[in-house]
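Student: Got a structure here, written out as structure tokens. Questions coming.
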Amino acid sequence: MVLELRAKKPDVRVCALGGPRLAAAGAQLLRDLTVGSTMGFAVLAKISFYRALIAEIVRWVGEHRPRAVCFVDSSGLNLRIARGLFERGFSAKAGGPTRTLYYISPQVWASRAGRRFAMAQHLDGVAAIFPFEPAVYADTTLPVEFVGHPFLSDAYQLPVTFDAAGPILLLPGSRRAVVKRVFPVLLEAFSRCGSEKNSVALYPSEEIRALLEQLKARSPVGARVELRAGGGAAVGGAAVLTASGTMSLECALAGIPGALTYKTDPLTYFLGRMLVKVDYIGIANLLLKEAMYPEFIQGAATPAALAAQLRECLDDPARLARTREQAARLRELLHAPTQGSAADWVLRHLNY
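Residue 326 in my numbering is what sits at position 177 of the sequence shown, and the numbering runs on without skipping anything.
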């Protein structure tokens, strides 16, 4: 979004919390949050850090009075900052000079739906990346606009493509605890499927790469599994076994047939099922309202079941044709509407 904003309006100045990619796009980086980021229960160990960070951001906004603050994803942090700006009178909703915008709506449709009412009190607008999300806020006063999914923007290249002659893709995710449970199952499924193809596993960080190296060293098919960093040249794949998450949507948009799996510790899964109320955990399945990627969760995620999925993906032309048709529908659903992209939405709120 920053690249597009500055291309459309070169005089727009952007200060940001983020990482090197934001800085490379032209934002003035106030703090690099990609170093030592945490998720889930690990956040509890850094409560004092995040409290201090929120206070510093609120203070900075009050001092520098930017025209707008655009929060991106990460609702646990961002909604607290929005509330702080409101309570200090810095945000437009509280009579201050700074509009508060939110890009990539928190998944209030999946869990903690009541957050939408606090968002309506503290925010001036939300840009949604899924077409069903504006309706979720229909009972609030918050303006919510679907702006298309960033994976379909001109500036984004999917990291995967369909290649019938390519390897099998094994994508165990980005969270260490999940990777430890999922990757051995994927390796055994690959071993059992009987294909002569090799496989490629993508990793998002050096920490995960080291873990994958350890896990594949224990597998009899480890020599046939290449580890490749995500974010480089696109990797072609004939079929995929993927953990739930961002990569599963990218594979779906690329039209790669496959299956989705998820395994975590029983307590985390139990608590998650209490909070999350959706028919599918794969976003492509949710959008299409059907199982483009059959889901194998917890105990159902067995090597035998996943191996059977791989064999069908590789050997059944009807499975491939169905996947390609579903991918086309998915791209149509997520394509940016006629009123413009997320950058256009921000500029409208800035009255450009």
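Virtual Cβ for every residue (Gly too), placed ideally from N, Cα, C.
Computed from a predicted structure; not experimentally measured.
To the nearest angstrom, report how far apart I253 and D160 are at their CA atoms.
Tutor: Each residue's alpha carbon lies about 24 Å from the other.
Student: Which ranges does the beta strand (DSSP E) cover as unbroken runs of at least 3 residues, wholly within the region 415-475, from first to last along the chain?
Tutor: Listed in chain order, they are 444-446.
Student: Would the beta-carbon of G322 fall within 8 Å of that of G394?
Tutor: Their beta carbons are under 8 Å apart, which means G322 touches G394 by this criterion.
Student: Which two residues bound the contiguous alpha helix (DSSP H) that contains A326?
Tutor: Counting along the chain, the alpha helix (DSSP H) containing A326 begins and ends at 325-341.
Student: Only counting runs of 4 or more residues, tell me where the alpha helix (DSSP H) segments fall wholly within the region 243-302, in order along the chain.
Tutor: As far as the region 243-302 is concerned, its whole alpha helix (DSSP H) runs of at least 4 residues are 264-271, 282-285.
Student: Taking the C-alpha atoms as reference points, what is the distance between A243 and I206?
Tutor: So the two alpha carbons sit approximately 17 Å from each other.
Student: Assign S348 to one of two classes, buried (16 or more other C-beta atoms within 10 Å of its C-beta) or exposed (fewer than that).
Tutor: Buried: at least 16 other Cβ atoms inside 10 Å.
Student: For A392, write down the residues that DSSP places opposite it in a beta bridge.
Tutor: T410, per the DSSP bridge assignment.
Student: Applying the criterion that 16 or more other CB atoms from any shown protein chain within 10 Å of the CB defines a buried residue, is T365 buried or exposed?
Tutor: According to the sequence provided, residue 365 is Lys. The question's Thr does not apply to it. K365 should be labelled buried.
Student: Looking only at C-alpha atoms, which of A259, L179, V309, L152 sits nearest to A165?
Tutor: Considering only alpha carbons, the answer is L179.
Student: Reducing DSSP to helix, strand and coil, say where I317 ends up.
Tutor: I317: strand per DSSP, three-state reduction.
Student: Use the C-beta contact count for A191: other C-beta atoms within 10 angstroms, 16 or more gives buried, fewer gives exposed.
Tutor: Low confidence applies here, because A191 scores a pLDDT of 47, under 50, leaving its location unreliable; read the following figure in that light. Counting Cβ neighbours within 10 Å, A191 comes out exposed, since fewer than 16 surround it.
Student: In the DSSP assignment, find the unbroken alpha helix (DSSP H) run with S197 in it and report its ends.
Tutor: Where S197 is concerned, the enclosing alpha helix (DSSP H) stretches over 196-213.
Student: For E345, list the residues DSSP reports as bridge partners.
Tutor: Looking at the DSSP assignment, E345 forms no beta bridge with any residue, so it has no partner.
Student: Do you know offhand how far A453's Cα is from R341's?
Tutor: When rounded, the distance between both Cα atoms is 7 Å.
Student: What is the DSSP secondary structure of L178, reduced to helix, strand or coil?
Tutor: Strand, per DSSP.
Student: Check A378 in the structure and name its three-state DSSP category.
Tutor: A378: strand per DSSP, three-state reduction.
Student: With DSSP collapsed to three states, give me the class of G371.
Tutor: Correct three-state label for G371: helix.
Student: Considering just the uninterrupted stretch of the alpha helix (DSSP H) at A217, what are its terminal residues?
Tutor: Where A217 is concerned, there is no enclosing alpha helix (DSSP H), although the beta strand (DSSP E) it sits in stretches over 217-221.
Student: Could you give the first and the last residue of the continuous alpha helix (DSSP H) run that contains F235?
Tutor: Per DSSP, F235 belongs to the alpha helix (DSSP H) from 224-236.
Student: To the nearest angstrom, how far is the alpha carbon of R229 from that of F339?
Tutor: R229 and F339: Cα-Cα distance of roughly 44 Å.
Student: Name the DSSP beta bridge partners of S240, please?
Tutor: DSSP lists T247 as partners of S240.
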